[in-house]
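Enquirer: Encoded as structure tokens, here's the structure I'll be asking about.
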Amino acid sequence: MNQNDAVTAPSPMDSLELDIRDLRVEYRTMEGTVYALNGIDLQIPKGRTLGLVGETGAGKSTTGLAIMNLIPSPPGVIVSGSIFLGGESILKKSEKEMNLIRGNKVSMIFQDPMTSLNPVVPVVDQIMEVIEHHEKISPRESLPKALEMLEMVGIPRNRAHEYPHQFSGGMKQRVIIAIALACSPYLLIADEPTTALDVTIQAQVLDMMRELRKKYQMSMLMITHDLGIVVEICDLVAVIYDGRVVEHGTLRDIFINTRHPYTEGLFNSLPDMENPKAELKPIPGLMPDPTRIPTGCPFHPRCGYAMDICAKTRPSRYYASTEHYVECHLYDEKTVVSGGRIKQ
Amino acid sequence: MNTPLLEVKNLKKYFKTPNGMLHAVDDVSFTLERGSTLGLVGESGCGKSTTGRAILCLTEPTSGQIIFDGQHLMKLSPSELRRQRQDMQIIFQDPYSSLDPRFTVAQAIEEPFRIHKLIMDKRERHKKVLALMDTVGLARRLINSYPHELDGGRRQRIGIARALALGPRFIVCDEPVSALDVSIQAQILNLMKQLQRELGLTYLFITHDLSVVRHFSDDIAVMYLGRMVEKAPTEALFAHPLHPYTKALLSAIPIPDIDRRTERILLKGELSSPIEPAKICRFSNRCGECIDLCKEEEPLMHEVSPGHFVSCFRASGY
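Taken in order, these protein sequences are the chains called S and F. Heads up, the first sequence is in my numbering, so the first residue is 1 and it goes up one at a time. Heads up, the second sequence is in my numbering, so the first residue is 1001 and it goes up one at a time.
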């Protein structure tokens, strides 16, 4: 449907850290097939951070797992599409080859710091393990490196030999970040890294991630449902609904020149800072059942702007600029630039 | 008359631990006017949920007074307390674990009637369940569904229907929307607001989400390590936060607006232990404005502007 995307895509391949094209992932279960990703496209230029925004079930985490080649199979099936990481195709790699890439070229941190660490291994050993695996060095050589990583994420050396249960949630997430960054990956995938943390601790962790990103000149994929965090840390935003990017652009494109009704709905669901007592305008209805995706535009049953065509055909993609695009029937090549019915 | 619906005086809840007494709630006092909402905010472990439970005597307070509509709750016998609870209910955070997985929607909603031996007639009860489902916006066709068949938003609507069943006047809402997606969160918040208007409910709204609490509450109380450190009308608190912890907390909220950047106050370190805390300001070890006095004495709540209370030696009126 969108075969000319490659032509209109913003950057040449070689400057992209991550390049996902038309990726389709299904989970085939006894109860039916879950259509998790339905032709998702994502590009992250080197050194930039892309925020992947959406709600439960939109396919955010599946995207992260696909990049790591960690989709559980069965039931997961990659139906079509490609994932290039630093110019190399990931999907054709063997498990052995992936083991050299994960933690080395690309790392992932997960939402829940409580369950991502091994409870019976001291934290410093968990960092050493990664370094030894990828750099093929002895524990004697990896220990100073691991201690240095811990210090960099703000954990004093004298606590390095403690176990995860002796740390608070914020400190555990710091340890996980230290593990993820130990081999200086080119791309860091962060799946809701601060959701389980308190706001003041979240502020500390985000601050640290910003600094480390600069130091290592990493690219980042920030998976989040929190638009406040997107503003904090992202350059680009992809709003994802039902396994597809429905709007993509820079912070300014998404926050100021909003085009897609779903993006607008997300903003309207949040209390207005200028007028905190104003009634919230939630998006009516629920996320579609991923085993039974609505025909046409998958958002049409919840959309206040829906027209007849929306139930019949999937909208094409329209570019307002090289980076700002939207998939919605409200627009054509001209109106997508000037802006349409969505109030600013 | 115009007495407050709820008055909490010097509420304390300590837990015994192997290392000494854990001061979960330490000397918390406030009043709650009829039909209003008090937001109780703070971070994990500050004692906000324990406060909510202690007020309902779901966990027995260590000491203090809870006066609900003129009744001293802690002096009531268990059966009197049970009767009193018809008037005071709670909505829990996690609609996944707060519902019995073997109960259908109908059974879950009518459970309060069975417990309190009200509406014994089956047909009457069925009618009442349907009415409650309408009130909270649950489609009637779901009446025989089980919780696992429903999403988080609908489960939370069941939680609200259960809380409303006995016609309470006061509801403790313990993080009622934290587990929900933003679009669903807004649906539930609007529902709760509408119910408050229609039924004249009084809410104690416990949350860590400051933008939600600002939208929802008339007054806000901030807790830190078992202590209430600041309490003020919502807009006064956001316009003039006085306690250094409140300032840091407010500045830490990520704001979804690209043209508005707040100067962030990054707190150093983490919470100190709530076990046998020293009689000094509990925030002093993380506070950027700390003076010698803060490490010698514990500040008390005092009123610095009308309705604006703070416990900090350095805070003054505005």
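Backbone N, C-alpha and C define an ideal beta-carbon position, used for all residues, glycine too.
If we cut at 8 Å on Cβ distances, does residue 202 of chain S have a partner in chain F?
Expert: For residue 202 of chain S, the answer is yes, since a Cβ of chain F falls inside 8 Å of its Cβ.
Enquirer: Between residue 344 of chain S and chain F, is any beta-carbon pair separated by less than 8 Å?
Expert: In this predicted model, residue 344 of chain S has a pLDDT of only 49, less than 50, meaning its place in the structure is not dependable; the value taken from the coordinates is given anyway. No, residue 344 of chain S does not count as interfacial toward chain F.
Enquirer: What are the residues of the region 1039-1059 of chain F that lie near chain S, defined by any Cβ-Cβ distance shorter than 8 Å?
Expert: Taking 8 Å as the Cβ-Cβ cut-off against chain S, the residues of the region 1039-1059 of chain F that qualify are 1043 and 1044.
Enquirer: Assign residue 131 of chain S to buried or exposed, taking buried as 16 or more other Cβ atoms, counted over all protein chains shown, within 10 Å of its Cβ.
Expert: Buried, because 16 or more other Cβ atoms sit within 10 Å of the Cβ of residue 131 of chain S.
Enquirer: So, using beta-carbon positions, are residue 104 of chain S and residue 134 of chain S closer together than 8 Å?
Expert: Yes.
Enquirer: Check whether the region 195-212 of chain S touches the region 1253-1271 of chain F, taking contact to mean three or more Cβ pairs, one atom from each stretch, closer than 8 Å.
Expert: The answer is yes - the region 1253-1271 of chain F touches the region 195-212 of chain S, with three or more Cβ pairs under 8 Å.
Enquirer: My parser needs the alpha helix (DSSP H) runs of 4 or more residues fully inside the region 1137-1210 of chain F; what are they?
Expert: Counting whole runs of 4 or more residues, the region 1137-1210 of chain F contains the alpha helix (DSSP H) stretches 1152-1164 and 1182-1199.
Enquirer: Give the range of the alpha helix (DSSP H) segment to which residue 1079 of chain F is assigned.
Expert: From DSSP, the alpha helix (DSSP H) with residue 1079 of chain F extends over 1078-1084.
Enquirer: Which residue spans inside the region 28-93 of chain S form an unbroken alpha helix (DSSP H) run of at least 4?
Expert: Fully enclosed alpha helix (DSSP H) runs of 4 or longer: 60-67.
Enquirer: Tell me which residue opens and which closes the alpha helix (DSSP H) that residue 268 of chain S is part of.
Expert: First-last of the alpha helix (DSSP H) with residue 268 of chain S: 261-269.
Enquirer: Using a C-beta to C-beta distance shorter than 8 Å, which residues of chain S count as neighbours of residue 1153 of chain F?
Expert: Correct list: 286.
Enquirer: Following the continuous alpha helix (DSSP H) through residue 1251 of chain F, name the residue where it begins and the one where it ends.
Expert: Counting along the chain, the alpha helix (DSSP H) containing residue 1251 of chain F begins and ends at 1244-1251.
Enquirer: Do you know how far the Cα of residue 239 of chain S is from the Cα of residue 25 of chain S?
Expert: One C-alpha to the other measures close to 18 Å.
Enquirer: Between residue 56 of chain S and residue 37 of chain S, is the Cβ-Cβ spacing less than 8 Å?
Expert: Not in contact: residue 56 of chain S and residue 37 of chain S (Cβ atoms no closer than 8 Å).
Enquirer: Using a Cβ-Cβ cutoff of less than 6 Å, which residues in the same chain neighbour residue 1002 of chain F once the five nearest sequence positions on both sides are dropped?
Expert: Contacts found: none.
Enquirer: Does the count of Cβ pairs from the region 1171-1185 of chain F and the region 1112-1121 of chain F closer than 8 Å reach three?
Expert: Cβ pair count under 8 Å is below three, so no.
Enquirer: Taking Cβ positions, are residue 1231 of chain F and residue 1309 of chain F nearer each other than 8 Å?
Expert: Yes, the Cβ-Cβ distance between residue 1231 of chain F and residue 1309 of chain F is below 8 Å.
Enquirer: Within the 8 Å Cβ cut-off, does residue 1013 of chain F reach chain S?
Expert: For residue 1013 of chain F, the answer is no, since every Cβ of chain S falls outside 8 Å of its Cβ.
Enquirer: Just grab the DSSP bridge partners of residue 107 of chain S for me.
Expert: Paired residue(s): S:188.
Enquirer: Tell whether a beta-carbon distance below 8 Å holds between residue 1113 of chain F and residue 1125 of chain F.
Expert: Yes, the Cβ-Cβ distance between residue 1113 of chain F and residue 1125 of chain F is below 8 Å.
Enquirer: So residue 114 of chain S is in the alpha helix (DSSP H); what residue range does that whole segment cover?
Expert: From DSSP, residue 114 of chain S is part of no alpha helix (DSSP H); its letter is neither H nor E.
Enquirer: Taking the beta strand (DSSP E) that residue 99 of chain S belongs to, which residues open and close that run?
Expert: Not the beta strand (DSSP E): residue 99 of chain S falls in the alpha helix (DSSP H), residues 95-101.
Enquirer: Would you say residue 255 of chain S lies against chain F (beta-carbon separation less than 8 Å)?
Expert: Interface residue, yes.
Enquirer: Hey, does residue 199 of chain S have any beta-carbon neighbour from chain F nearer than 8 Å?
Expert: Yes - at least one Cβ of chain F is within 8 Å of the one on residue 199 of chain S.
Enquirer: Would you report the Cα separation of residue 327 of chain S and residue 53 of chain S, rounded to the nearest angstrom?
Expert: Answer to the nearest angstrom: the Cα atoms are 15 Å apart.
Enquirer: Could you give the distance in angstroms between the alpha-carbon of residue 102 of chain S and the alpha-carbon of residue 68 of chain S?
Expert: Those two C-alpha atoms are separated by around 7 Å.
Enquirer: Please tell me whether residue 1098 of chain F and residue 1047 of chain F are closer than 8 Å, where the distance is taken between their beta carbons.
Expert: No, Cβ-Cβ distance for residue 1098 of chain F and residue 1047 of chain F is not below 8 Å.
Enquirer: Are the C-beta atoms of residue 1305 of chain F and some chain S residue less than 8 Å apart?
Expert: Judged by the 8 Å Cβ criterion, residue 1305 of chain F is not in contact with chain S.
Enquirer: Quick one: which residues of the region 215-233 of chain S get their C-beta closer than 8 Å to a C-beta of chain F? List them in chain order.
Expert: Against chain F - using a Cβ distance shorter than 8 Å - the residues of the region 215-233 of chain S are 225, 226, 227, 228, 229, 230, 231 and 232.
Enquirer: What's the call for residue 1189 of chain F, buried or exposed, on a 16-neighbour Cβ count within 10 Å?
Expert: Buried, since its Cβ has 16 or more Cβ neighbours within 10 Å.
Enquirer: Beta-carbon of residue 1190 of chain F versus every beta-carbon of chain S: anything under 8 Å?
Expert: For residue 1190 of chain F, the answer is yes, since a Cβ of chain S falls inside 8 Å of its Cβ.
Enquirer: Would you say residue 50 of chain S and residue 212 of chain S are within 8 Å of each other, going by their C-beta atoms?
Expert: No, these two residues do not count as a Cβ contact at 8 Å.
Enquirer: Quick one: does residue 290 of chain S have its CB under 8 Å from some CB of chain F?
Expert: Chain F, which has no Cβ nearer than 8 Å to the Cβ of residue 290 of chain S, makes this no.
Enquirer: Using a Cβ-Cβ cut-off of 6 Å (strictly less than) and excluding sequence neighbours within five positions of residue 217 of chain S, which residues of its own chain qualify?
Expert: Contacts found: 47.
Enquirer: Pull up the CB-CB distance for residue 1173 of chain F and residue 1204 of chain F, whole angstroms please, since I reckon it's below 8 Å.
Expert: That belief holds up - the Cβ atoms of residue 1173 of chain F and residue 1204 of chain F are roughly 7 Å apart, short of 8 Å.
Enquirer: Can you check DSSP and say which residues form a bridge with residue 26 of chain S?
Expert: Beta-bridge pairing links residue 26 of chain S to S:35 and S:77.
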